[in-house]
Amino acid sequence: MEKWMTVEQEATKTFLRALIADVHQYIDMTEEDVVEEYRRAGKLHTYDPYTEWQKRYARHLRSMESKDGVSLVENSTIGDAKEE
1 MEKWMTVEQE
11 ATKTFLRALI
21 ADVHQYIDMT
31 EEDVVEEYRR
41 AGKLHTYDPY
51 TEWQKRYARH
61 LRSMESKDGV
71 SLVENSTIGD
81 AKEE
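Here the numbering used here is used: the first residue of the sequence shown is 1, the next is one more, and so on.
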């Protein structure tokens, strides 16, 4: 196993903190809240409750890559989940 550089470790910690915060927020939401979130974003037609967790995970992966310049996506099997 290769050692991670400090930048990669910090990016991973930041990613996990953001992901856990989003998980807590999502758990507190009702189905109607989630549907309303999609409706406001204009993406209600793409809402699928069975793939919502993967979409949220993939969103965080993409946002981390653009902020820190460190790619966590290449090590993820779920990061290629596309939002329609």
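For every residue, glycine included, the Cβ atom is placed at its ideal position computed from N, Cα and C.
Next on the checklist: Nearest by alpha-carbon distance to residue 56: which of 6, 32, 25 is it?
Outcome noted: Position 56 of the sequence shown, counting from 1, holds the residue named residue 56. Minimum Cα distance to residue 56 is reached at 25.
Checklist entry - CA-CA distance, residue 85 and residue 49? => result A query on residue 85 cannot be resolved here, the shown segment of the chain reaching from 1 to 84 and no further.
Checklist entry - Roughly how many angstroms lie between the CA atoms of residue 19 and residue 29, to the nearest whole one? => result Start at 1 with the first residue of the sequence shown, and residue 19 comes out as number 19. Start at 1 with the first residue of the sequence shown, and residue 29 comes out as number 29. Answer to the nearest angstrom: the Cα atoms are 15 Å apart.
Next on the checklist: Using a 10 Å radius around the Cβ and a threshold of 16 neighbouring Cβ atoms, would you call residue 64 buried or exposed?
Outcome noted: Taking the first residue of the sequence shown as 1, we reach residue 64 at position 64. Buried, because 16 or more other Cβ atoms sit within 10 Å of the Cβ of residue 64.
Item to check | Nearest to residue 27 (by Cα), restricted to the options 52, 7, 45 | outcome: One-based indexing of the sequence shown puts residue 27 at position 27. It is 52.
Item to check | For residue 19, the first and last residue of its enclosing alpha helix (DSSP H) | outcome: For the purposes of this step, residue 19 is identified with residue 19 of the sequence shown, where counting begins at 1. Segment 6-28, the alpha helix (DSSP H) holding residue 19.
Checklist entry - Under a Cβ-count criterion, where at least 16 other Cβ atoms within 10 Å of its own Cβ denotes burial, should residue 11 be classed as buried or exposed? => result Here residue 11 corresponds to residue number 11 of the sequence shown, with the count starting at 1. Buried is the call here.
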